[in-house]
Amino acid sequence: MVVESPARDSREPNIFDYAVEQFNIAADVIGLDEDMRRILSTCKRELTVNFPVEMDDGSVQVFTGHRVQHNVGAGPSKGGIRYHPDVTVEEVKALAMWMTWKCGVVGLPYGGGKGGVRVNPKMLSQNELQNLTRRYTSEISILIGPHSDIPAPDVNTNPQVMAWIMDTYGMHQGGIVEPAVVTGKPILLGGSAGRFEATGRGCVYAIAEAAKKYGMDFHNLRVAVQGFGNAGATAARIMHEEGCRVVAVSDSRGGTYNPNGLDIHAVDEHKRLSDTVASFSGGEPVSNADLLELDCDVLVPAALEGQIVRDNADRIKAKLVAEAANGPTTPEADRILHDNGVIILPDIYANAGGVTVSYFEWVQGLQSFIWTENEVNERLHKVMADSFEAVHTVAQQYQVHMRTAAMVRSIQRVAEFAKVRGIYP
Ligand code: NAD
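Using this note's numbering, you'd call the opening residue of the sequence shown number 33 and step up by one each time.
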């Protein structure tokens, strides 16, 4: 039996501390009282599960997973499930808290949750991945449900993984079909048109709103995208189709750079065939670190957290950073970027397109309705445009940057739910 080593929760920096620091900055701005601070800076439920999975060669591995609910004041907790070797409970807590603020920014009737399993899924066969997913789902089944906690895809999980979660949940309930227990599932099983592209598309809508507001010509933007997965590849493709010049993209194995603009469809095809964008012949190789510092108008971090830090923030040349990823900028780096006049579209707004269309999918599932892709995209566009205006108004009202403004808008809403509901018993 192989036992995975315990999660490295003591690693520096602690991403949950960053999330709380961002919260406190916004809480100070609105003078949030101490009792509400204590409630909102704490995760409501934190479940850790250690579970065995039988591998194809007959051996057994024990994996560690988490499901965390930060807050459920506004509705069931909502948030993705991540499979990654670096998953820790602190990371999942931070991601769950950001989900609460994200749902608040765009006004969804959800609280925030997140899940993760510490695993490198690229080392597993499809069969092993399915076994891991079904067992993890069983382990967290005390939390998830269509009216309590609704998972979705995140890093290294996809519609197939959501299908296994939905099926496992249904089997636990005696063989029912419950599409509303997960979002981001295959369209065949009740997934929503437009959900797969929603995070990247929503991020592009956010960039377009910012370009309008700050006098940039959207169709002529030069864009660098770190991370070529669901969020990053979709954002890159849509911006390429809109006429923007996507000068660089990358994945975990490195990046490709062409100052004249990359043919993103060709990059996509190359990635499909060779499993990386790094060796694309239409561009020069570029490291993930160097990509962040390229000369461009818009930088889209769309990989993992902690990419823009104190050490490299001063060298970011983009005028606009649109955070498709969760937590890509540390609070220290935030301050440096702001001092340098860089505008940040914060994660809790810029990548909220994913959870917004997840909400549309959940509503369709509960009511057995099917919306067209156009309907979904139009509604998404309205949510992103209205939310941009609302956050921008708060930024002006309190004279703060967009991240703090987005946090203020959300915290006020979430605190109001907590106040009106009161404390049980
Ligand atoms: P994904 O697994 O589809 O893609 C992740 C991409 O990042 C892959 O291309 C991977 O190779 C790359 N990557 C991994 N480590 C990297 C590194 N160190 N440097 C550069 N690239 C690296 O995941 P995703 O769903 O696109 O998620 C990406 C980010 O977007 C995450 O922060 C996630 O939390 C956030 N997000 C995703 C969604 C969604 O709907 N999928 C919604 C909101 C936010």
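Yeah, the Cβ is synthetic: ideal placement off N, Cα and C, and Gly gets one too. For clarity, every value in this text was computed on a predicted model and none was experimentally measured.
Item                                                                                                                                                                             : Value
Just to check, is the beta-carbon of Q54 closer than 8 Å to a non-hydrogen atom of the ligand NAD?                                                                               : no
Please list, in chain order, all residues of the same chain as D283 whose beta carbon is under 6 Å from its beta carbon, the five residues on each side excluded.                : F260, T308 and V309
When you compare only the Cα positions, how much space is there between A39 and G97?                                                                                             : Residue placement at A39 is flagged as unreliable, the pLDDT there being 41, under the threshold of 50; the coordinate-derived value follows with that caveat. Near 10 Å, if we compare the C-alpha coordinates of G97 and A39.
Answer yes or no: the CB of E337 versus the heavy atoms of the ligand NAD, is any distance below 8 Å?                                                                            : yes
Would you call the region 361-377 and the region 336-353 in contact, with 3 or more CB pairs under 8 Å?                                                                          : yes
By the three-class DSSP mapping on this structure, what secondary structure does F489 have?                                                                                      : In the structure as shown, the chain begins at 33 and stops at 457. Residue 489 is therefore absent and cannot be evaluated.
Using DSSP's beta-bridge definition, name the partner residues of V330.                                                                                                          : V255 and L352
Have a look at M155 and P117 and give me their C-alpha separation to the nearest angstrom.                                                                                       : 11 Å
In the structure shown, what three-state DSSP assignment does L175 receive?                                                                                                      : coil
Once the 5 residues before and after V34 are set aside, which same chain residues still bring their CB inside 6 Å of it?                                                         : With a pLDDT of 36 at V34, under the threshold of 50, the modelled position of that residue is not reliable, and no figure is offered here.
May I have the straight-line CA-CA distance separating A450 from G105, to the nearest angstrom?                                                                                  : 6 Å
Out of curiosity, what's the CA-to-CA distance linking V214 and S400?                                                                                                            : 14 Å
Which word fits Q428, buried or exposed, when buried means at least 16 other C-beta atoms lie within 10 angstroms of its C-beta?                                                 : exposed
What are the partner residues of S109, as DSSP defines its beta bridges?                                                                                                         : G143 and D181
Check whether the Cβ of G386 sits closer than 8 Å to any heavy atom of the ligand NAD, and report yes or no.                                                                     : yes
Kindly list the residues whose CB is nearer than 8 Å to the CB of S42, restricted to its own chain and excluding five residues on each side of it in sequence; keep chain order. : Note on S42: pLDDT 46, under 50, position unreliable in the model; the coordinate value appears next. Within the same chain, S42 has no close Cβ partners at all.
Shorter than 8 Å, the distance from the beta carbon of D300 to the closest heavy atom of the ligand NAD, or not?                                                                 : no
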